[in-house]
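There are 2 protein chains.
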Amino acid sequence: MLIGELGEFALIDRLQQRLQKTAPAQLVRGIGDDCAVLRPAAGMDLLLTTDTQEEGVHFRRDWSTPQDIGWRCLAVNVSDIAAMGGNPLGAVIALSVPATLEVAFVEALYDGLQELATAYDCPIIGGNISKASEHLTVTITVLGDVPSGRGVYRSGAQVGDEVWVTGDLGGAKAGLEVLLHPEILTGLSTSEVLRRYRRPRPRLREAQYLRQHGVLHSLIDISDGLSSDLAHICTESGVSAQLEAVHIPVSEEVHHIARALQVAPLTLALHGGEDFELCFIAPAGVVSRLQQTFAAHFQCPLRRVGTIQAGRGVTLRLPDGTQQPLSARGYDHFRTHTDDLTEAPDA
Amino acid sequence: MLIGELGEFALIDRLQQRLQKTAPAQLVRGIGDDCAVLRPAAGMDLLLTTDTQEEGVHFRRDWSTPQDIGWRCLAVNVSDIAAMGGNPLGAVIALSVPATLEVAFVEALYDGLQELATAYDCPIIGGNISKASEHLTVTITVLGDVPSGRGVYRSGAQVGDEVWVTGDLGGAKAGLEVLLHPEILTGLSTSEVLRRYRRPRPRLREAQYLRQHGVLHSLIDISDGLSSDLAHICTESGVSAQLEAVHIPVSEEVHHIARALQVAPLTLALHGGEDFELCFIAPAGVVSRLQQTFAAHFQCPLRRVGTIQAGRGVTLRLPDGTQQPLSARGYDHFRTHTDDLTEAPDA
Numbered sequence: 187m188l189i190g191e192l193g194e195f196a197l198i199d200r201l202q203q204r205l206q207k208t209a210p211a212q213l214v215r216g217i218g219d220d221c222a223v224l225r226p227a228a229g230m231d232l233l234l235t236t237d238t239q240e241e242g243v244h245f246r247r248d249w250s251t252p253q254d255i256g257w258r259c260l261a262v263n264v265s266d267i268a269a270m271g272g273n274p275l276g277a278v279i280a281l282s283v284p285a286t287l288e289v290a291f292v293e294a295l296y297d298g299l300q301e302l303a304t305a306y307d308c309p310i311i312g313g314n315i316s317k318a319s320e321h322l323t324v325t326i327t328v329l330g331d332v333p334s335g336r337g338v339y340r341s342g343a344q345v346g347d348e349v350w351v352t353g354d355l356g357g358a359k360a361g362l363e364v365l366l367h368p369e370i371l372t373g374l375s376t377s378e379v380l381r382r383y384r385r386p387r388p389r390l391r392e393a394q395y396l397r398q399h400g401v402l403h404s405l406i407d408i409s410d411g412l413s414s415d416l417a418h419i420c421t422e423s424g425v426s427a428q429l430e431a432v433h434i435p436v437s438e439e440v441h442h443i444a445r446a447l448q449v450a451p452l453t454l455a456l457h458g459g460e461d462f463e464l465c466f467i468a469p470a471g472v473v474s475r476l477q478q479t480f481a482a483h484f485q486c487p488l489r490r491v492g493t494i495q496a497g498r499g500v501t502l503r504l505p506d507g508t509q510q511p512l513s514a515r516g517y518d519h520f521r522t523h524t525d526d527l528t529e530a531p532d533a
Numbered sequence: 187m188l189i190g191e192l193g194e195f196a197l198i199d200r201l202q203q204r205l206q207k208t209a210p211a212q213l214v215r216g217i218g219d220d221c222a223v224l225r226p227a228a229g230m231d232l233l234l235t236t237d238t239q240e241e242g243v244h245f246r247r248d249w250s251t252p253q254d255i256g257w258r259c260l261a262v263n264v265s266d267i268a269a270m271g272g273n274p275l276g277a278v279i280a281l282s283v284p285a286t287l288e289v290a291f292v293e294a295l296y297d298g299l300q301e302l303a304t305a306y307d308c309p310i311i312g313g314n315i316s317k318a319s320e321h322l323t324v325t326i327t328v329l330g331d332v333p334s335g336r337g338v339y340r341s342g343a344q345v346g347d348e349v350w351v352t353g354d355l356g357g358a359k360a361g362l363e364v365l366l367h368p369e370i371l372t373g374l375s376t377s378e379v380l381r382r383y384r385r386p387r388p389r390l391r392e393a394q395y396l397r398q399h400g401v402l403h404s405l406i407d408i409s410d411g412l413s414s415d416l417a418h419i420c421t422e423s424g425v426s427a428q429l430e431a432v433h434i435p436v437s438e439e440v441h442h443i444a445r446a447l448q449v450a451p452l453t454l455a456l457h458g459g460e461d462f463e464l465c466f467i468a469p470a471g472v473v474s475r476l477q478q479t480f481a482a483h484f485q486c487p488l489r490r491v492g493t494i495q496a497g498r499g500v501t502l503r504l505p506d507g508t509q510q511p512l513s514a515r516g517y518d519h520f521r522t523h524t525d526d527l528t529e530a531p532d533a
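Those protein sequence lines, which keep their order, are chains A and B. At position 98 of the first sequence the residue is numbered 284 (the working numbering), and the sequence of numbers has no breaks. At position 265 of the second sequence the residue is numbered 451 (the working numbering), and the sequence of numbers has no breaks.
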């Protein structure tokens with residue numbers, strides 16, 4: 187059945203039935219009124235973030251299942267809550283759908299939203315459905331909280347601090363390249379990079395752990411690419427950063443795919459966006475003490491990749507000791523082209 | 187200059203400069219980090235609502251200025267906060283724009299957003315800009331608050347209560363018809379209905395006043411049309427409503443336009459959406475006591491239009507005493523056609 191045949195209010199009823207029934211403690215009133223109503227906990231600040239994903243721009247129906255698309259649309263927002271050291275309270279979904287879309291597709295997308303909502307304890311508490319002229323667009327807003335005054339900002343980096351990242355980088359971009367150039371990549375292992383592209387896992391509990399252990403001067407999630415996102419921290423903090431090429435974590439799978447694509451793995455790792463790993467800035471010496479415990483607990487390595495210095499911008503130090511300025515070549519919605527990789531790699 | 191030439195981050199800088207500089211007391215951190223941060227007031231519940239407006243579906247650039255579009259996109263969300271008896275704390279704007287759009291257009295749209303934000307004390311505290319494949323889409327989410335446990339729901343109507351509306355109805359729909367059929371309507375006064383369509387004024391302070399005076403059992407804003415929105419209250423409250431045709435408030439201007447369109451004024455008033463007046467349910471006898479004071483203070487009449495009864499659905503009593511069931515013919519995104527008015531009017 188098509189959405190145009192079912193109608194708006196019947197669709198809302200159907201989607202609501204697919205969502206988790208048990209209301210979280212803070213929810214006073216969920217879907218079905220003019221607003222969702224929550225009772226905030228004492229001593230907490232509120233966090234609010236919004237993001238849009240449009241078919242053909244941010245996702246393609248032939249590259250991801252509807253469940254994947256739902257997961258991903260909510261994941262990118264939860265990642266922004268993680269990037270403040272916060273905790274999600276609930277999400278509202280603004281769905282803009284063409285009347286010719288199958289109802290079953292939207293239902294499956296909601297199943298994916300609910301999977302992420304369950305995994306990250308971020309209930310879907312409201313939303314809006316409207317007609318799109320052509321393309322499916324999903325805009326999600328997440329409300330979160332963090333103990334008052336403990337939110338971690340982009341502006342806290344200090345000269346002498348260390349630059350750290352979680353996990354490894356370039357996987358989501360490699361996954362996108364696999365989908366763009368399937369012919370080059372036959373026979374290679376691609377399951378992990380495709381998983382990273384389709385079902386990114388926000389580092390929510392990892393960020394909370396780091397905040398609770400008092401090691402965060404500054405924090406951002408890597409959504410546009412490390413080069414861009416670290417540049418945001420430098421700009422907001424009034425400092426510069428030097429990255430060590432040799433320490434940038436890249437998985438074996440990304441290495442192999444980069445070779446097949448004839449690009450440097452570092453190009454994927456530094457400029458590829460959507461990994462949703464954390465980049466964080468910590469005082470010298472404090473992270474190494476909890477590095478092993480963290481890695482064992484979260485199955486997630488922490489890697490020191492650079493240093494905060496006086497000045498402006500981000501530079502990259504190559505294995506031979508030479509340094510080069512690193513232009514922020516991560517994702518700009520209006521400037522990035524998927525053929526970026528055909529340019530000469532930086533390193 | 188086009189947005190594709192300016193780029194995402196430069197555009198964000200430019201738009202930010204157009205927004206109000208003075209931060210509201212509750213705002214800990216506004217635009218420029220991964221989330222906006224607010225410190226909630228003690229003893230308040232939070233309200234969260236989201237709405238999408240897309241070019242070609244919800245607005246047209248040849249019918250409204252970009253300032254009007256900005257005003258309207260934020261107004262519809264503030265109206266949802268009003269519909270809970272609440273107060274807005276801040277808005278986040280998710281803008282999905284084609285690269286070929288003029289930067290000046292988006293700047294003017296932000297001017298309109300800021301005008302509404304100033305008029306209703308609803309600061310713009312964050313957002314996201316992404317590329318649209320074709321059409322401009324604006325999704326806004328507003329966070330608000332209301333004293334704990336005092337939010338007014340759709341579910342509170344009781345048998346014997348009175349049905350009231352603010353202002354008059356059908357104006358926004360009449361304005362839309364003026365834009366659709368300019369040839370029929372030359373020589374008629376249309377300024378007020380066009381204003382209502384282009385710059386709806388949410389009844390925010392009116393709703394707060396009514397809540398503070400303890401007269402609200404139930405409340406909704408008339409966004410889809412009185413027939414639909416009152417039906418939502420009846421469904422959620424498990425009651426029925428009887429409307430009196432003779433009491434439905436319709437302005438002189440709407441009467442004249444309806445005559446030119448050869449439709450019954452009541453069709454516009456009952457089924458035309460987007461008036462953003464309030465429909466509220468009050469215990470018998472209590473509203474008439476504050477009716478005059480309210481009308482003088484807000485320059486806004488209150489009109490009793492019906493009664494809550496046992497049963498289901500909404501009926502309309504005509505001047506001759508006959509009753510007819512009133513189907514919810516208000517706005518359903520996937521079913522309403524602009525030629526609805528060519529059908530036989532209900533009354």
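For glycine and all other residues, C-beta sits at the position ideal for the given N, C-alpha and C. From a predicted model like this one, the values you see are computed outputs, not experimental measurements.
Rounded C-alpha distance that separates residue i from residue j
i: B/Gly509; j: B/Ala427; result: This sequence places Gln at residue 509 of chain B; Gly is not what is there. Rounded to the nearest angstrom, the two C-alpha atoms are 12 angstroms apart.
i: B/Thr278; j: A/Ala222; result: It should be noted that the sequence gives Val, not Thr, for residue 278 of chain B. Distance between the alpha carbons of B/Val278 and A/Ala222: 16 angstroms.
i: A/Asp535; j: A/Ala227; result: Beyond the ends of chain A as shown, which are 187 and 533, falls residue 535 of chain A; an answer cannot be given.
i: A/Glu348; j: A/Ser404; result: 10 angstroms
i: B/Met187; j: B/Arg246; result: 21 angstroms
i: B/Gln394; j: B/Val472; result: 16 angstroms
i: B/Gly229; j: A/Leu512; result: 49 angstroms
i: B/Leu322; j: A/Asp415; result: 26 angstroms
i: B/Pro309; j: B/Gly276; result: 5 angstroms
i: B/Pro210; j: B/Ala496; result: 46 angstroms
i: A/Arg384; j: A/Gln448; result: 23 angstroms
i: A/Cys486; j: A/Val345; result: 27 angstroms
i: B/Tyr296; j: B/Ala196; result: 15 angstroms
i: B/Ser437; j: B/Arg382; result: 12 angstroms
Residue i - partner residues in DSSP beta bridges
i: B/Ala268; result: Beta-bridge pairing links B/Ala268 to no other residue.
i: B/Met187; result: BP columns for B/Met187 are empty, so no partner.
i: B/Ala503; result: One point to set straight first is that residue 503 of chain B is Arg, not Ala, in the sequence displayed. The partner list for B/Arg503 (beta bridge, DSSP) reads B/Glu430, B/Gln509.
i: A/Arg391; result: Answer is none; A/Arg391 lacks a bridge partner.
i: A/Trp350; result: A/Phe466, A/Arg490
i: B/Ser404; result: B/Ile467
i: B/Phe245; result: B/Glu241
i: A/Leu213; result: A/Leu224
i: A/Gln495; result: A/Ser426
i: A/Thr453; result: Looking at the DSSP assignment, A/Thr453 forms no beta bridge with any residue, so it has no partner.
i: A/Asp231; result: A/Val332
Element boundaries [beta strand (DSSP E), containing residue i]
i: B/Leu280; result: Looking at the sequence shown, residue 280 of chain B is not Leu but Ala. From DSSP, the beta strand (DSSP E) with B/Ala280 extends over 273-283.
i: B/Ala222; result: 222-224
i: B/Gly313; result: 310-317
i: A/Thr325; result: 323-333
Test item: CB-CB of residue i and residue j under 8 angstroms
i: A/Leu402; j: A/Leu396; result: yes
i: A/Asp199; j: A/Asp407; result: no
i: A/Val364; j: A/Ile434; result: no
i: A/Ser316; j: B/Glu439; result: no
i: B/Gly313; j: A/Thr236; result: yes
i: B/Leu234; j: B/Met270; result: no
i: A/Gly330; j: A/Pro368; result: no
i: A/Ala257; j: A/Gly298; result: A small fix is needed here, since residue 257 of chain A is Trp in this sequence, not Ala. Going by C-beta atoms, A/Trp257 is nearer than 8 angstroms to A/Gly298.
i: A/Leu456; j: A/Ser413; result: yes
i: B/His418; j: B/Arg490; result: no
i: A/Leu205; j: A/Thr352; result: no
Residue burial classification, residue i (beta-carbon count within 10 angstroms, cutoff 16)
i: A/Ala343; result: buried
i: B/Ser375; result: exposed
i: A/Gly507; result: exposed
i: B/Ala579; result: An answer regarding residue 579 of chain B cannot be provided, because it is not within the stretch 187 to 533 covered by chain B.
i: B/Val616; result: Since the first residue shown for chain B is 187 and the last is 533, residue 616 of chain B is missing from the structure and cannot be characterised.
i: B/Lys359; result: buried
The alpha helix (DSSP H) enclosing residue i, as first and last residue numbers
i: B/Gln300; result: 289-306
i: B/Gln203; result: 194-204
i: A/Arg340; result: It is not in any alpha helix (DSSP H) - A/Arg340 carries neither H nor E in the DSSP assignment.
CB contact below 8 angstroms: residue i versus chain C
i: B/Glu320; result: Absence of chain C from the displayed structure is noted, the protein chains being A and B.
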